[in-house]
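Single-structure report; data block below.
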Amino acid sequence: DAKTTQPNSMESNEEEPVHLPCNHSTISGTDYIHWYRQLPSQGPEYVIHGLTSNVNNRMASLAIAEDRKSSTLILHRATLRDAAVYYCILTNFGNEKLTFGTGTRLTIIP
Amino acid sequence: DTEVTQTPKHLVMGMTNKKSLKCEQHMGHRAMYWYKQKAKKPPELMFVYSYEKLSINESVPSRFSPECPNSSLLNLHLHALQPEDSALYLCASSQTMDRMNTEAFFGQGTRLTVV
């Protein structure tokens, strides 16, 4: 399975953009990049996913490097409710398990 | 309805007890998952059901026994657990296993304590 590497923790100020990096240097051409987050005392929730092109939705943006060896989850304006552990996960057709790594614990400073 | 409902929310059981965790979804999803999460660790996959058939068992001890009686329900039967099995048990569902380029929905989990 292709692995992802994320910083253990990050801090950001409230109402500022947050850029959460993920390295996946062994990604294959058919691996999808998923982001999930887990708020305290809750189950994980889907944030966004993509294959090659950058993606936007109501929660966040996903910027994928041209060589696909890294990606960045962008929260455009962080709120206190965005404090969570963010997981970057790769899936592939034929190996669609969601396998969680250690993730990045995001702290939002008021 | 985009919810995955897990019951009970909390469970305390003795090592000789038999109990079951229940998970329900009404999104028409045909893939359902059990995860185990210890404190301050990421969720670990235990089982995957696809079209009501067990598709993946991640070498889980036999004291955990999954069951998928229909496409909306997923159970996890527990018997002779150990204190180290205390954890948050999460259920998830997705459209199918073959289309994991779409999102998975997770329940809030059952917090299990084995005494």
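Listed in order, the protein sequences are those of chains A and B. Counted from 1, the first sequence has number 10 at position 10 by our numbering; the numbering is strictly sequential. With the second sequence counted from 1, adding 1000 to any position gets you our numbering. Where is the CB? At the ideal position from N, CA and C, for every residue including glycine.
Name the chain B residues that come within less than 7 Å of residue i, Cβ to Cβ?
{"i": "A/THR99", "result": "LEU1045"}
Rounded to whole angstroms, what is the Cα-Cα separation between residue i and residue j?
{"i": "A/THR91", "j": "A/THR79", "result": "29 Å"}
{"i": "B/GLN1082", "j": "A/HIS76", "result": "45 Å"}
{"i": "B/GLU1084", "j": "B/LEU1073", "result": "26 Å"}
{"i": "B/ALA1087", "j": "A/GLN42", "result": "13 Å"}
{"i": "B/LEU1021", "j": "B/GLN1037", "result": "15 Å"}
{"i": "A/GLY29", "j": "A/THR99", "result": "18 Å"}
{"i": "B/VAL1060", "j": "B/TRP1034", "result": "11 Å"}
Mind pulling the chain A residues with CB within less than 9 Å of residue i?
{"i": "B/GLN1108", "result": "SER41, GLN42 and GLY43"}
{"i": "B/ALA1104", "result": "HIS34, TYR36, PRO44, TYR46 and LEU98"}
In its own chain, which residues sit with a C-beta less than 6 Å from the C-beta of residue i, not counting the 5 before and 5 after it?
{"i": "A/SER9", "result": "ARG105"}
{"i": "B/HIS1010", "result": "ARG1111"}
How would you list, in chain order, the residues of chain B whose beta-carbon sits under 9 Å from the beta-carbon of residue i?
{"i": "A/THR102", "result": "LYS1041 and PRO1042"}
List the residues of chain A whose Cβ lies closer than 7 Å to the Cβ of residue i, in chain order.
{"i": "B/LEU1090", "result": "GLY43"}
Which chain A residues sit within Cβ distance under 8 Å of residue i?
{"i": "B/VAL1048", "result": "LYS97"}
Taking 7 Å as the limit between beta carbons, can you name the residues of its chain near residue i, skipping five residues before and five after?
{"i": "A/GLU45", "result": "TYR36 and ARG37"}
{"i": "B/ASN1004", "result": "At residue 1004 of chain B the sequence reads Val, which differs from the Asn that was named. Hits under 7 Å: CYS1023, GLN1025, CYS1091, ALA1092, SER1093, PHE1105, PHE1106 and GLY1107."}
Along chain B, which residues have their Cβ under 8 Å away from the Cβ of residue i?
{"i": "A/TYR86", "result": "Within 8 Å Cβ-Cβ: nothing; A/TYR86 doesn't reach chain B, min ~11 Å."}
Can you give, in chain order, each stretch of the beta strand (DSSP E) that sits fully within the segment 1026–1077 of chain B and has at least 3 residues?
1031–1037, 1044–1050, 1053–1057 and 1064–1070
Please list the segments of the beta strand (DSSP E) lying wholly inside the segment 41–108 of chain A, counting only runs of 3 or more residues, in order along the chain.
Those beta strand (DSSP E) runs which fall completely within the segment 41–108 of chain A and span 3+ residues are 45–50, 61–64, 70–75 and 84–92.
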